[in-house]
Amino acid sequence: MKKRLIFSGSAALVFCCLLIFWRLLILVFDIPSYLLPTPLAVVKVAIQRLPELWASLLISAEAALGGLVASIVVGVLIALIFARSTWVRKMFFPYTILLQTVPILAVAPLIIIWIGPGLLAVGVVTFVICLAPIIANTTQGLVSVDENLVQLFLMYNASQGQILAKLRLPHALPYLFVGVRISSGVAVIGALTGEWFAGSGRAGQGGLGYSILYAQAQLQTAYLFALVIAATLLGFTLFFTVMFFEWLALHKWHESAMNADATNG
Amino acid sequence: MTIPEIDFRAVGKRFSSASTPALEEISLSVEKGEFISIIGPSGCGKSTLLKLVAGLSPCSQGEIQVNGMTPVNAREIVSFVFQDATLLPWRTVQKNVALALELEGRTRDETAMTTEKLLQLVGLSHFAQSYPRQLSGGMKMRVSIARALATKPRILLMDEPFAALDEMTRDRMNEELLRLRAEHHWTVLFVTHSVAEAVFLSSRLLVLAPHPGRIAHDLRVDLPYPRTSEMRESKEYDDLVNRTSRLLRETHRV
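Quick note, the sequences are listed as chains A and B, same order. Just so it is clear: in the first sequence, position 124 is 125 by the working numbering, and no numbers are missing. Just so it is clear: in the second sequence, position 208 is 286 by the working numbering, and no numbers are missing.
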């Protein structure tokens, strides 16, 4: 507990130093505010335009979360199909790597053309960028079950359904979480990229990506800063939410999530 | 007429990838209540033999009858204990032991009662709610054995179950296994690399020779049960261990 206090205290200290450095930079080099606004100006504009900022944040959060959840559902289903047959896996696996390597910036305009601008298109861009890590990791988890364990279940005359539900799926869970963690990191990138191209389906209001473009065009640098911070916070929140669920699901039995309660055990 | 518990009739096993058969012309009759250890150099088909009895792998030649049934049909009276404890890490000790009963669809009360008794039997009642990662190697193995006993098997197939344990733990596990066997009278096929362990446990010893895997020697162990740790210091035991070690070395040379 004491350690944790010292740790968060020193982190806060670094943050304060950063703010002071930022403020001094402007003072010493006399940087105009359209290039680098003061920390105070950023806070002021964030408070001033809070309803707008909050609305943008919610729109992007909706797209990021929707795309991520959809990619988990679809990714796990595809992984289940992959795990059932080596033949299918060998045939399709190269394409999941392709899915991972294709630059999202190049695909996003295509998706917008097909679906039309709006929240759905943004969600789909996010979905595409999140899908590959989920498929790859979950498939790995489903097929890497110890052969002896499969034989143990066979000795008990377990059905294929029982082997899936009581052996393969629980075994794949830590792998799935590795995938979701990676995807949660890129989900916000997906949402912002989508918004760059799709803008917003709603008049006058857009997500963070759209607002960033708009603020840039208007040279509202202070607000741009606020938007960047909001986007970062969104990514943070998403990542730590996933971490929390991972801890909830695995901390009792899995090594990766054990550290947190190692002091008690 | 009594049928043998396990009957090997000219059994052969060949893997498509190998040039020599893994097992050739194995004929063997195992009577009820025998404790048979199988020893032999690596690659002589010891584990394969167990997999055939369990019906996890089909015979290439000949046939095996388990209590008059095919191995696959006899699974209900057979339990397999692997070299690793092969516990499910996401299940508590109690839930691991209950696995077979759960898969069979037994009632919750029946499952709870049986698992509690089994955990008492292997001395792990206090660890019912622990997860496998919290247990030592020896404790994990005891959970694995309790799990194997949940289905009330007549036949136990054990594939080097204590190989990963330190010597002291292994000796104690051997004694515990014999104590359990005295109460339950299973027929056991026990694969091991340790001659001392094989002699200590068994009523009969099979020495296998490799390339192709075959029975080189079939020995009776005439030491009286119950066997205790004092027996490890007796001359008869020593002589048998030495004799068996010599036979085992000879199979290496050919």
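Ideal Cβ positions, reconstructed from N, Cα and C, are used throughout, including at glycine.
A straight-line Cα-Cα distance of about 16 Å links B/A242 and B/A276. B/T192 and B/A228 do touch by the CB rule: their CB atoms are close to 6 Å apart, below 8 Å.
The Cβ-Cβ distance between B/R282 and B/R292 does not fall below 8 Å. In this structure, the straight-line span from the alpha carbon of A/A216 to that of A/L251 is close to 43 Å. As a beta-bridge residue in DSSP terms, B/D237 pairs with B/V269. A Cβ of chain B is located within less than 8 Å of the beta carbon of A/Q152. Closer than 8 Å to the CB of B/P149 there is not a single CB belonging to chain A. Straight-line measurement puts the Cα of A/F16 at about 14 Å from the Cα of A/I7. Counting along the chain, B/A163 sits inside no alpha helix (DSSP H), nor does DSSP assign it H or E at all. Non-local C-beta neighbours of B/Q172 in its own chain, meaning closer than 6 Å and more than five positions away in sequence, comprise T193, A206, ordered along the chain. Using a Cβ-Cβ cut-off of 8 Å, B/L134 counts as an interface residue toward chain A, since at least one Cβ of chain A sits closer than that to its own. Among the bridge pairs identified by DSSP, B/S115 is matched with B/F268, B/L283. The beta-carbon of A/W248 is placed no less than 8 Å from the nearest beta-carbon of chain B. Taking 8 Å as the cut-off, the beta carbon of B/I104 is found no closer than this to the beta carbon of B/F268.
Distance between B/K230 and B/I84, taken at the CA atoms: about 17 Å. Among the residues of chain A, those whose CB is under 7 Å from the CB of B/W168 are P171, W254, following chain order. With a beta-carbon spacing of about 5 Å, A/Y35 and A/T222 fall inside the 8 Å limit used to define contacts.
C-alpha of A/I73 to C-alpha of B/V150: approximately 38 Å in a straight line. For A/F94, the three-state secondary structure derived from DSSP is helix. With its beta carbon less than 8 Å from one in chain A, B/R211 belongs to the interface. Excluding the 5 residues flanking it on each side, B/R232 has same chain C-beta neighbours closer than 8 Å at E83, K110, N145, I155, V156, W264, T265, in chain order. Taking a beta-carbon distance threshold of 8 Å, B/R305 does not count as an interface residue toward chain A. Neighbourhood of B/R184 in chain A, by CB distance below 9 Å: empty, with the nearest CB roughly 12 Å away.
In the DSSP assignment, no residue is bridged to A/D31. Secondary structure of B/V131 (DSSP, three-state): helix. Taking a beta-carbon distance threshold of 8 Å, B/A190 does not count as an interface residue toward chain A. Here the alpha carbons of A/A192 and B/T189 stand approximately 50 Å from one another. In this structure the segment 95 to 110 of chain A does not lie against the segment 26 to 45 of chain A, because fewer than three pairs of beta carbons, one per stretch, are closer than 8 Å.
With contact defined as three or more Cβ pairs closer than 8 Å, the segment 146 to 154 of chain A and the segment 108 to 127 of chain A are not in contact. DSSP places B/H295 in the uninterrupted beta strand (DSSP E) bounded by 292 to 298.
Of the candidates B/G121, B/R87, B/F86, the residue whose Cα lies closest to the Cα of B/T98 is B/G121.
No Cβ of chain A is located within less than 8 Å of the beta carbon of B/L243. According to the DSSP secondary-structure assignment, B/L101 is paired through a beta bridge with B/K91, B/G291. DSSP, read as helix, strand or coil, puts A/I114 in helix. By the 16-neighbour rule on beta-carbons within 10 angstroms, B/I81 is exposed.
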